[in-house]
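Take the sequence shown: its letters are residues -26 to -1, 1 to 579, numbered as in mature numbering (1 follows the signal peptide of the UniProt record, and there is no 0). Only one structure is covered here, and it is reproduced in the block below.
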Amino acid sequence: MWFSSQTPHGSLGVLLLSLLFLPSHATLECRPPGPVVPKPRYVNSHPKLVAATRKLTGVLEGALAGDIHAGWPVENTSFSIGLIMHDQGDKAVPVWEYHHLAPGNINGTRHISRDSQYLVGSISKVVSDYILLRSGLGLDESIATFLPELADEGTLIAWKSITLRHLATQVAGIPPNCESDGLEQKEWGANIEEMAFQSIIISRITSSPLASLTSATTQFLKGMVESYPVAQPGERPVYSNIAFTLLMYAVEARTGKNYSELLEAYVTEPLGLRNTVVSPGDDDKAVIPPVDNSWGSNYGDNAPGGGLVSSLSDLSIFVHGILSRTIFDSDTAVREWLKPTSSTGSLHSLVGTPWEIYRTGELTPDHPHVVDIYAKGGAAYGYQAQMAVLDEYGAGIVLLTAGSALATPPLYDAILTTLVPALDEIAREQAMDRGYTGLFVDCPPSPSSNEANGSISFNVTVVQDQDSLVLLGIERNGTDILASLREIWSVTIGGFLAVTPSKARIFPIDIRNEDLISVPDGTRQKVVREDWRVEWELALSGDTDLPGAGLSAKNCLAWTLTDWMYYGSEPIDRIVFVLDAESGDVIGLEIPYLRSGVLQLVKTP
């Protein structure tokens, strides 16, 4: 049987209702999320990255010297940039970094480095969510359970229905700030009455500079009870700073620790961060711009949403922990943390915990595909920051600026468009160099001859095209197995849906297991078995004159086909690369459903 007993024939109808989507052109628009090829390794001295960082350095220095238009006042703006990789040696030392101290700087440090301190604004939200996740509180508990003051019957906001998860993922539907945290009337830049506003005097609820559940906090919570909702809980993302104040109130209520103590207990002490503190920071280490700024401010109860000080070295450690899957106690917890939790009105923007996820197909023009950037931006007066995780490449970017807010967008865009294509090229090159492509057989050729020693019953060819690795051929005793699979497809799925499988693309799925195998000299070799999955490139058959033809083809539901067809209790879309455990190089390949055993790599491109 080609279908597992867990997948009865009758359930195909349910699947096929979702398959009126399939792309009619060969692209990676419908690939599985994640890496196209294995993440690049040991990139710091790779010629392609060296060339890319040299190019980026030249562009930055040209902008600072006035040779090209920077787009921001370079004399007043300092910045630090770092590229972090999953396998870098020192967690605090990026594989590449660049620092610039503006000539107009008068106060603060005179020697900018990776340990220099910046205000990081709303990157604080990532740290606060991390504290929440480490605290062990139930994310689906109501915030009113921890803060009963919010359960007031007269409130307009459905606080009892708002969970810690809603707050952490920006879908609580509550206001972004306390009334007093918004722009004051005097900051509107004009006479209020000349703009036809009435001059009014109201009492304001001010947030407490204290970091504990005091009477001032009770006053703050009273203000929350009297606030208007912005959206229904869980309906859509609404950016909120005070959501993180409330989250830390909840953790404090359960643990008895204030925010500074929580930061030390869950973040700075276990991760070894030396420069991450609640503002104010250390003036001697500070990058203080010669423009209006909020360095030295006491953010009080607003600190969890935007009042942290940090450095490139500390954020490098934090990002490295995410990339290496060590920041939590399990790989699964890290993967779950990075997943989106809601969508926006844009095709390119999703929201997470509290990630601002940007999806773009413009970063790898030579190998077009969507790259997911799990990012968080932050801003304070005189400061902007950007932290980004590009998990596909095992890479992260940290950008810290002090000075003009105009600097961050062009710097960030220049970093991404210069470094990401290089990482993509390195990953593809390394996939070939490590042996993921080539000819795999079950009887290796004689060292003194081009002929095989004996009869070859299995012959598997893997190549790399512009888009991905491709399973070009599987032959068993001269029979074309891929052609057989296409024929079986036409009899099974093809009988319900007019689609034709063509190219068998393969993608890594981050599942590895250590093993010992016998090698020709009779010894046992330690290996890693690495799972990949086949994703058929599919095309719609037939045509139509009906309006809107092809519209639904853009709805990528190919993920619904994974692991559906079995032969001998093995999925026919699973292949396994066998890697040397020490070097990480490919030594063989298995086709489990054909019981191929380990086929040895005998010829590379």
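For each residue, glycine too, the CB sits at the ideal point set by N, CA and C. Every value quoted in this text rests on a predicted model; they were computed, and no experiment measured them.
Excluding the 5 residues flanking it on each side, residue 290 has same chain C-beta neighbours closer than 6 Å at 56, 58, 66, 68, in chain order. Secondary structure at residue 475: strand, using DSSP grouped into helix, strand and coil.
For the pair residue 230 and residue 221, the Cα-to-Cα distance works out to about 14 Å.
C-alpha of residue 235 to C-alpha of residue 384: approximately 37 Å in a straight line.
Beyond the five residues adjoining it in sequence on each side, residue 362 comes within less than 6 Å, by CB distance, of 347, 349, 371 in the same chain, given in chain order. Here the C-alpha atom of residue 573 lies approximately 16 Å from the C-alpha atom of residue 500.
Sorting 399, 403, 103, 252 by C-alpha distance to the C-alpha of residue 285 places 252 at the top. About 6 Å separates the beta carbon of residue 479 from that of residue 511, a gap short enough to meet the 8 Å contact definition. For residue 302, no beta strand (DSSP E) run applies, since DSSP gives it neither H nor E. Residue 395 sits in a helix when the DSSP states are folded into three classes. The C-beta distance from residue 218 to residue 279 rounds to 4 Å, short enough to meet the 8 Å contact threshold. By the CB criterion at 8 Å, residue 81 and residue 262 fall inside the cutoff. Bridge partners of residue 482 according to DSSP: 506.
Annotation for residue 22: the continuous alpha helix (DSSP H) segment containing it runs 21 to 39. Look at residue 448 here: in three-state DSSP terms it is strand. Counting along the chain, residue 377 sits inside no alpha helix (DSSP H), nor does DSSP assign it H or E at all. For the 8 Å CB-CB criterion, residue 564 and residue 550 form a contact. For the pair of segments examined, the stretch 294 to 314 was found not to touch the stretch 120 to 139: the number of CB pairs separated by less than 8 Å stays below three. Around the Cβ of residue 319, a 10 Å sphere holds fewer than 16 other Cβ atoms; the residue is exposed. Here DSSP, grouped into helix, strand and coil, assigns residue 148 to coil. Residue 197 sits in a helix when the DSSP states are folded into three classes. Judged by DSSP secondary structure, residue 334 falls within the beta strand (DSSP E) whose first and last residues are 330 to 334.
Between the alpha carbons of residue 48 and residue 326 lies a gap of roughly 34 Å. Excluding its 5 nearest sequence neighbours in each direction, residue 431 has C-beta neighbours in its own chain below 7 Å: 416, 450, 451, listed in chain order. The alpha carbon of residue 438 has as its nearest neighbour, out of 459, 461, 413, 457, the alpha carbon of 413.
As the crow flies, the alpha-carbon of residue 368 is around 49 Å from that of residue 128. The residues 544, 548, 550, in chain order, have a CB closer than 7 Å to that of residue 566 in the same chain once the five nearest residues on each side in sequence are set aside. Fewer than three beta-carbon pairs drawn from the stretch 333 to 343 and the stretch 256 to 275 are found closer than 8 Å, and the two stretches are therefore not classed as touching. The Cβ-Cβ distance between residue 486 and residue 552 does not fall below 8 Å.
As computed with DSSP, residue 103 is found in no beta bridge at all. Here DSSP, grouped into helix, strand and coil, assigns residue 289 to helix. Taking residue 144 as the centre and dropping the five residues before and after it, the same chain places the C-beta of 211, 212, 213, 214, 217, 316, 325, 328 closer than 8 Å to its C-beta, in chain order. DSSP places residue 528 within a helical segment (H, G or I) once states are collapsed to three.
In summary, residue 32 is exposed, with fewer than 16 beta-carbon neighbours lying within 10 Å of its beta-carbon over all protein chains present.
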